[in-house]
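The opening residue of the sequence shown carries number 10 in this note's numbering; numbering runs sequentially from there.
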Amino acid sequence: MAEASIESGQAKIQSFTNQQLFDELEKNGYQIEDVFTKEEIEFYKAEDRMRAGKTQFVDHGDGTSTLYLSSAYTKTISILGGSAATTIAALAGGAVPAGLAAMLSGMISENLQTDKGTYINFKSQKDAAGEYVLTSTGWGYQ
């Protein structure tokens with residue numbers, strides 16, 4: 010399944026597969042077998058085929074957005090910590106803010122449950138230069 014971008018009214022949705030995560034990890038020099046067991050890799054590939062475990066970035070069109078992450082992405086965060094932000098931002102086309110690394114590190118400090126998908130909420134606000142940037146406002150389990 011290729012990356013999809015869907016516009017619904019003013020909301021915009023970008024979807025990402027687990028395979029895209031694996032490809033991006035390898036592109037960044039990681040061996041996916043160092044992050045996932047062979048059984049997990051097969052499970053996450055099966056999720057893609059069944060369209061389960063959806064990962065998407067939803068811009069709600071009102072200055073807020075939500076990044077929904079499948080359990081494969083959650084596991085990546087638990088293993089790579091803040092370094093996972095680079096991989097996630099690359100998939101989201103830079104839509105994910107630079108401050109995401111700190112949020113991901115904070116998630117790990119709370120004993121992240123890797124068998125569940127997670128979501129991260131963002132809001133748009135002006136930075137010191139007057140540019141609009143996304144800042145994370147919280148996270149939870151799906």
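Even for Gly, the Cβ is constructed at its ideal location relative to N, Cα and C.
Identify which residue in the options has its Cα closest to the Cα of residue i.
i      : options                        : result
Leu30  : Tyr141, Phe45, Lys21 and Ala20 : Phe45
Gly147 : Asp136, Met116 and Lys125      : Met116
Lys63  : Thr83, Ala98, Ala93 and Ala110 : Thr83
Asp124 : Gly90, Tyr39, Glu49 and Leu109 : Glu49
Thr95  : Asp43, Ser87, Thr73 and Leu34  : Leu34
Ser87  : Glu51, Asp43, Ala98 and Leu76  : Asp43
Leu1   : Thr75, Ala111, Phe52 and Phe25 : Residue 1 lies beyond the residue range present for the chain, which begins at 10 and ends at 151; the question has no answer from this structure.
Tyr39  : Ala98, Leu109 and Ala93        : Ala93
Gly149 : Ala98, Thr75, Ala81 and Gly91  : Thr75
Phe25  : Asp68, Leu78 and Thr73         : Leu78
Thinking C-beta only, is residue j closer than 8 angstroms to residue i?
i      : j      : result
Val142 : Gln134 : yes
Ser118 : Ile129 : no
Asn37  : Lys54  : no
Distance check for residue j and residue i, CA to CA, integer angstroms please.
i      : j      : result
Met10  : Leu100 : Any reading at Met10 needs caution, since the residue's pLDDT is 33, under 50, leaving its predicted position unreliable; the model's value is listed next. Taking the straight line joining both Cα atoms gives about 14 angstroms.
Thr127 : Ser114 : 14 angstroms
Asp71  : Lys21  : 11 angstroms
Met59  : Glu140 : 40 angstroms
Asp32  : Ala61  : 19 angstroms
Ala13  : Gln65  : Bear in mind that the predicted position of Ala13 carries a pLDDT of just 43, short of 50, making it too unreliable to give a figure here.
Phe131 : Ile41  : 28 angstroms
Leu121 : Ala137 : 32 angstroms
Phe52  : Thr85  : 15 angstroms
Val67  : Lys47  : 30 angstroms
Asp57  : His69  : 24 angstroms
Thr155 : Leu109 : This structure does not reach residue 155, given that the chain is present from 10 up to 151, and the question cannot be answered.
For residue i, which residues does DSSP report across the bridge?
i      : result
Tyr150 : Thr127
Tyr77  : Gln65 and Tyr128
Leu143 : Ser133
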